[in-house]
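Undergrad:
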Amino acid sequence: MLKIRKILMLALLSAALCQSALCAPLTGQALRTEATEIAKLLRCPASVNLTLYESESAIASELKAQIYLQLQQGQDREAIIDFIVQRYGEQIRYKPALTAGTALLWVAPWLLLVGGALGIGLRYRARRNKTSN
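Following the working numbering, the numbering of the sequence shown begins with 9 at its first residue and continues without gaps.
#1: Is it right to say L119 is buried, meaning 16 or more other beta carbons lie within 10 angstroms of its own, or is it exposed?
#2: Which of the three DSSP states, helix, strand or coil, is assigned to L113?
#3: Residues bridged to T139 by DSSP?
#4: Identify, in the order they occur along the chain, each residue of the same chain with its Cβ nearer than 8 Å to the Cβ of I67, setting aside the five sequence neighbours on each side.
#5: At a Cβ threshold of 8 Å, is L49 touching chain B?
#6: Since A43 and Y76 are thought to touch, with beta carbons under 8 Å apart, how far apart are those beta carbons, to the nearest angstrom?
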């Protein structure tokens, strides 16, 4: 019984240490890395087809500074992205989430690919049957 209690206490202590390390605020290089990763997930409102990370526009610089500031204040990735999405709309996401509104965007390329392959296969089959007769 004493051995089990020691094991449980050790497990609880190690879990608490791991949790405190995960919840610790980011500093230095880790903060810059996280800001860069978030900037790569968001589209620049001013530049066509560029992420915030890639864009050098004034609005992109402002948003990158906002991301960095919010990270310094202890906000997590999802909270920062949600804040920017509320401000600029869902189109600010570089890779849109799968929702009812974007389902066609995700499914259409596959439907076109399968439809094209079926069309080519049927045409090939029809030609083969026509030449064999």
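By construction, the Cβ of each residue, glycine as well, lies at the ideal position given by its N, Cα and C atoms.
TA: Concretely, from the data shown:
#1: Counting from one through the sequence shown, the residue named residue 119 turns up at place 111. Counting Cβ neighbours within 10 Å, L119 comes out exposed, since fewer than 16 surround it.
#2: Taking the sequence shown and counting its residues from 1, one reaches residue 113 at position 105. Three-state result, L113: helix.
#3: As a working note, residue 139 is residue 131 in the sequence shown. The partner list for T139 (beta bridge, DSSP) is empty, contrary to what the question assumes.
#4: Counting from one through the sequence shown, the residue named residue 67 turns up at place 59. Closer than 8 Å at the Cβ level, and outside the excluded window around I67, lie C52, P53 and A54.
#5: Absent from the structure is chain B; it holds one protein chain and no more.
#6: Translated into the one-based positions of the sequence shown, residue 43 becomes position 35. Translated into the one-based positions of the sequence shown, residue 76 becomes position 68. About 5 Å separates the two Cβ atoms, so the contact holds.
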